[in-house]
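Protein chains in written order, with UniProt numbering: chain Y, 1 to 359; chain P, 1 to 359. As structure tokens, the structure follows; a few thoughts come after it.
Protein chains: 2
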Amino acid sequence: MTEPLAPGATIGILGGGQLGRMLSVAAARLGFTTHIYEPGAEPPAGQVAHRVTTAPYEDVQALAGFAAAVDVVTYEFENIPTAALDAIEAVVPIRPNRRTLAVSQDRLTEKAFISELGLKTAPFAAVDDAVDLAEAMEEIGLPAILKTRRFGYDGKGQARIDRPEDAPAALAAMAGAPAIYEGFVAFSQEISVIAARGVSGEVACYDPGANVHRDGILRTTTVPAPLSTAQRTDAVLLAGRILNALDYVGVMGVELFVTPGGLLVNEIAPRVHNSGHWTQNGCVIDQFEQHIRAVAGWPLGDGTRHSDVEMQNLIGADMDKVPALARDPAVALHLYGKAETRAGRKMGHANRRLGPASA
Amino acid sequence: MTEPLAPGATIGILGGGQLGRMLSVAAARLGFTTHIYEPGAEPPAGQVAHRVTTAPYEDVQALAGFAAAVDVVTYEFENIPTAALDAIEAVVPIRPNRRTLAVSQDRLTEKAFISELGLKTAPFAAVDDAVDLAEAMEEIGLPAILKTRRFGYDGKGQARIDRPEDAPAALAAMAGAPAIYEGFVAFSQEISVIAARGVSGEVACYDPGANVHRDGILRTTTVPAPLSTAQRTDAVLLAGRILNALDYVGVMGVELFVTPGGLLVNEIAPRVHNSGHWTQNGCVIDQFEQHIRAVAGWPLGDGTRHSDVEMQNLIGADMDKVPALARDPAVALHLYGKAETRAGRKMGHANRRLGPASA
Numbered sequence: 001m002t003e004p005l006a007p008g009a010t011i012g013i014l015g016g017g018q019l020g021r022m023l024s025v026a027a028a029r030l031g032f033t034t035h036i037y038e039p040g041a042e043p044p045a046g047q048v049a050h051r052v053t054t055a056p057y058e059d060v061q062a063l064a065g066f067a068a069a070v071d072v073v074t075y076e077f078e079n080i081p082t083a084a085l086d087a088i089e090a091v092v093p094i095r096p097n098r099r100t101l102a103v104s105q106d107r108l109t110e111k112a113f114i115s116e117l118g119l120k121t122a123p124f125a126a127v128d129d130a131v132d133l134a135e136a137m138e139e140i141g142l143p144a145i146l147k148t149r150r151f152g153y154d155g156k157g158q159a160r161i162d163r164p165e166d167a168p169a170a171l172a173a174m175a176g177a178p179a180i181y182e183g184f185v186a187f188s189q190e191i192s193v194i195a196a197r198g199v200s201g202e203v204a205c206y207d208p209g210a211n212v213h214r215d216g217i218l219r220t221t222t223v224p225a226p227l228s229t230a231q232r233t234d235a236v237l238l239a240g241r242i243l244n245a246l247d248y249v250g251v252m253g254v255e256l257f258v259t260p261g262g263l264l265v266n267e268i269a270p271r272v273h274n275s276g277h278w279t280q281n282g283c284v285i286d287q288f289e290q291h292i293r294a295v296a297g298w299p300l301g302d303g304t305r306h307s308d309v310e311m312q313n314l315i316g317a318d319m320d321k322v323p324a325l326a327r328d329p330a331v332a333l334h335l336y337g338k339a340e341t342r343a344g345r346k347m348g349h350a351n352r353r354l355g356p357a358s359a
Numbered sequence: 001m002t003e004p005l006a007p008g009a010t011i012g013i014l015g016g017g018q019l020g021r022m023l024s025v026a027a028a029r030l031g032f033t034t035h036i037y038e039p040g041a042e043p044p045a046g047q048v049a050h051r052v053t054t055a056p057y058e059d060v061q062a063l064a065g066f067a068a069a070v071d072v073v074t075y076e077f078e079n080i081p082t083a084a085l086d087a088i089e090a091v092v093p094i095r096p097n098r099r100t101l102a103v104s105q106d107r108l109t110e111k112a113f114i115s116e117l118g119l120k121t122a123p124f125a126a127v128d129d130a131v132d133l134a135e136a137m138e139e140i141g142l143p144a145i146l147k148t149r150r151f152g153y154d155g156k157g158q159a160r161i162d163r164p165e166d167a168p169a170a171l172a173a174m175a176g177a178p179a180i181y182e183g184f185v186a187f188s189q190e191i192s193v194i195a196a197r198g199v200s201g202e203v204a205c206y207d208p209g210a211n212v213h214r215d216g217i218l219r220t221t222t223v224p225a226p227l228s229t230a231q232r233t234d235a236v237l238l239a240g241r242i243l244n245a246l247d248y249v250g251v252m253g254v255e256l257f258v259t260p261g262g263l264l265v266n267e268i269a270p271r272v273h274n275s276g277h278w279t280q281n282g283c284v285i286d287q288f289e290q291h292i293r294a295v296a297g298w299p300l301g302d303g304t305r306h307s308d309v310e311m312q313n314l315i316g317a318d319m320d321k322v323p324a325l326a327r328d329p330a331v332a333l334h335l336y337g338k339a340e341t342r343a344g345r346k347m348g349h350a351n352r353r354l355g356p357a358s359a
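Printed below as a string of structure tokens:
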């Protein structure tokens with residue numbers, strides 16, 4: 001598929017959560033129909049999609065049927081089983097590509113890829129057992145975080161090690177899964193670059209946003225992040241190098257640590273990203289439409305920010321704030337249509353326009 | 001229904017065209033699900049709605065089932081048969097209200113209502129036959145337009161009378177339907193005020209936009225319209241009076257003529273309006289969300305414009321411009337997902353951000 005998709009074509013999306021939902025709306029805005037593939041019943045994205053296939057990622061027949069009904073497949077999360085990807089790619093292109101998924105599905109592979117590019121990361125080591133762990137503690141030092149190499153998100157599958165005595169419990173928390181030991185990095189802030197790359201190789205980045213996490217979950221992103229011009233330029237160039245090296249097509253979230261020694265890559269996410277939700281109310285083309293443009297082979301939007309924005313996640317009981325936020329003239333609410341409010345569950349977000357774009 | 005609807009509630013929408021489609025997306029953004037009622041197959045709004053009922057407006061049973069499945073009903077067009085409204089209102093509230101529909105479904109009733117409010121309109125007279133027509137020509141003069149009192153839109157059901165000889169053909173074009181004779185008004189521009197009123201009576205208006213029509217169809221709306229401060233204030237106050245007088249809940253499009261003698265009301269539309277599409281890229285809360293907020297009993301957004309915008313309709317073959325528009329960094333495309341491009345058919349629109357909001 002090298003020609004741009006014409007309006008009326010169908011975009012297949014793996015995953016029916018809030019990211020799939022907002023991708024679906026963006027696709028509709030460009031005249032595409034969407035088809036969601038999601039194992040769970042009543043997915044949030046299904047409320048705004050043309051079609052929904054409800055089936056597990058192990059159902060190769062359902063996957064083949066889904067692939068045959070769409071013109072391109074993209075995804076809202078990176079932990080898609082390889083067999084599912086094989087079944088789809090036999091029929092229709094997957095964007096972003098398989099290589100990116102292979103790199104980003106494994107924290108160790110990801111860190112190694114980034115290091116080989118010449119970019120900085122936190123110090124890391126593979127940990128499969130207690131011997132590896134002892135060596136890593138010796139080499140890299142404490143404090144550190146032990147993380148499963150695969151299937152971790154929002155702070156799950158992670159254990160902090162402050163003192164040597166914490167090591168056995170941390171290893172036990174991995175439940176036998178291969179892990180990665182990451183040394184702590186002294187950073188002044190965490191920022192994200194939401195970067196996009198089109199089929200013809202052009203790259204467009206949104207301005208970096210400053211992220212605040214609590215309990216391992218993103219709480220706010222504020223744009224612009226308080227950075228020097230040099231830091232801002234570095235962040236964007238660095239993100240562009242990652243996308244180019246992967247021959248990437250789509251939007252990627254690149255999380256960076258700002259340290260006295262420069263920018264460190266914390267993590268990459270080969271998809272639209274929570275820290276890019278501000279673009280919905282800060283730019284002419286938001287990250288969701290940017291991603292759809294890329295996977296559809298369209299030219300990218302330019303990503304210029306017209307407004308300063310603070311994005312606040314609404315997590316669990318934060319939904320109680322909705323009536324007050326609805327009365328706030330500077331706030332745009334984005335709710336995800338999830339039936340049940342649960343502690344720690346992302347229910348929506350609120351973009352507060354702070355004013356016209358500052359320098 | 002006086003309590004605001006909680007996220008998760010369902011908004012019923014009569015009509016599955018582009019307005020229903022954009023209302024549906026706005027409702028989803030606030031966490032509502034939507035249910036479209038539309039006689040035609042494969043409606044554009046159905047691609048982004050949770051449920052669709054396909055049935056004619058004469059199917060009282062289907063209407064009752066639809067009404068029972070939703071928490072409030074709104075609509076994207078005003079020519080809904082009275083019996084359909086009766087069937088729905090027996091079960092669930094309709095917003096905007098029945099009175100507004102009665103007023104706006106008939107051009108004569110509408111003009112009379114506006115005149116009684118003390119607001120100016122073009123000179124008009126009821127025309128049921130050749131005698132009425134001769135009297136109207138005598139009284140109001142030429143040139144003039146003869147329009148059917150009901151079911152006209154986008155220049156359909158209208159005939160221009162420049163000379164007395166045109167009268168018989170104009171009358172014949174009405175096909176026996178009751179008509180209204182409207183004298184020409186010398187105006188310097190046509191503007192629209194997109195006004196909203198909430199359940200507790202608060203009114204919020206967007207800045208007036210300047211409209212350009214061709215062949216009876218809106219082509220562009222540019223905001224801000226070139227008006228004096230006094231004219232702008234007049235326009236907004238006048239629109240507010242109309243909404244208050246109707247105890248209106250929702251968004252209304254108020255088309256005005258700017259004349260040397262002041263503002264004249266051309267037409268009101270009890271729904272979101274093509275001339276308000278610019279708000280999608282000019283305001284934090286657009287007209288579609290504003291309408292949903294009103295009919296859901298939520299507080300209104302404030303409607304402040306953060307950017308100057310030119311909205312351009314994409315009609316029929318204008319779809320050929322889509323690739324170029326997609327490359328334009330200042331343009332946001334909004335396509336309607338219509339399967340077939342036809343001459344005169346509204347296929348989408350393009351909002352061009354002109355810059356930060358000017359005074």
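Just so it is clear, CB atoms sit at the ideal spot from N, CA and C, and this is done for glycine as well. Here the structure is a predicted model, which is why all the values come from computation and not from measurement.
With DSSP as the reference, please indicate the residues paired to residue i in a beta bridge.
i                 : result
Tyr75 of chain P  : P:Leu14
Arg305 of chain P : P:Cys283
Val212 of chain Y : Y:Thr220
His334 of chain P : P:His349
Phe257 of chain Y : Y:Glu190 and Y:Leu264
Arg51 of chain Y  : Y:His35
Tyr181 of chain Y : Y:Ala125 and Y:Leu146
Glu58 of chain Y  : According to DSSP, which records beta bridges pairwise, Glu58 of chain Y is partnered with nothing at all.
Pro356 of chain Y : Y:Ser307
Gln312 of chain P : P:Thr220 and P:Ala350
Ile242 of chain Y : Looking at the DSSP assignment, Ile242 of chain Y forms no beta bridge with any residue, so it has no partner.
Met30 of chain Y  : Checking the sequence shown, residue 30 of chain Y turns out to be Leu, not Met. Leu30 of chain Y pairs with P:Leu335.
Met137 of chain P : Partner(s): none; Met137 of chain P has no beta bridge.
Ile161 of chain Y : Y:Ala144
Ala204 of chain Y : Y:Ala196
Does DSSP classify residue i as helix, strand or coil?
i                 : result
Lys321 of chain P : helix
Lys346 of chain P : strand
Ala225 of chain P : coil
Pro39 of chain Y  : coil
Thr82 of chain P  : helix
Met174 of chain Y : coil
Leu300 of chain Y : coil
Arg197 of chain P : strand
List the residues of chain Y that residue i touches, going by C-beta distances under 9 Å, in chain order.
i                 : result
Ala317 of chain P : What Ala317 of chain P touches in chain Y: nothing, since even the nearest Cβ is about 14 Å away.
Val203 of chain P : In chain order: nothing, as chain Y lies at least about 14 Å away.
What does residue i reach in chain Y if we use C-beta pairs closer than 7 Å?
i                 : result
Gln47 of chain P  : Ala28, Thr33 and His50
Pro43 of chain P  : Near Pro43 of chain P there are no residues of chain Y at all, since even the closest Cβ is about 11 Å away, more than 7 Å.
Gly348 of chain P : Gly31
With burial defined as no fewer than 16 other Cβ atoms inside 10 Å of the residue's Cβ, what is the status of residue i: buried or exposed?
i                 : result
Gly344 of chain P : exposed
Asn244 of chain P : exposed
Glu165 of chain Y : exposed
Phe151 of chain Y : exposed
Ser192 of chain P : buried
Arg163 of chain Y : exposed
Glu340 of chain Y : exposed
Gly250 of chain P : buried
Strictly below 8 Å CB to CB, what residues from chain Y border residue i?
i                 : result
Tyr336 of chain P : Gly31
Thr304 of chain P : Pro329
Ser307 of chain P : His306
Glu339 of chain P : The amino acid occupying residue 339 of chain P in the given sequence is Ala; Glu does not appear at that position. Those are Gly8, listed as they occur along chain Y.
Which residues of chain P have a Cβ atom closer than 7 Å to the Cβ of residue i, listed in chain order?
i                      : result
residue 363 of chain Y : For residue 363 of chain Y there is no data in the structure shown, the boundaries of chain Y being 1 and 359.
Ile285 of chain Y      : Ala332
In chain P, which residues lie less than 8 Å from residue i when you measure between Cβ atoms?
i                 : result
Asn281 of chain Y : Val284
Pro143 of chain Y : None at all; the shortest Cβ gap to chain P is about 40 Å.
Against residue i, what residues of chain P qualify as contacts under a CB-to-CB distance less than 9 Å, listed in chain order?
i                 : result
Arg353 of chain Y : Val284 and His306
Val25 of chain Y  : Val25, Ala28, Arg29 and Val48
Pro164 of chain Y : Those do not exist, as Pro164 of chain Y stays about 48 Å from chain P at its closest Cβ, beyond 9 Å.
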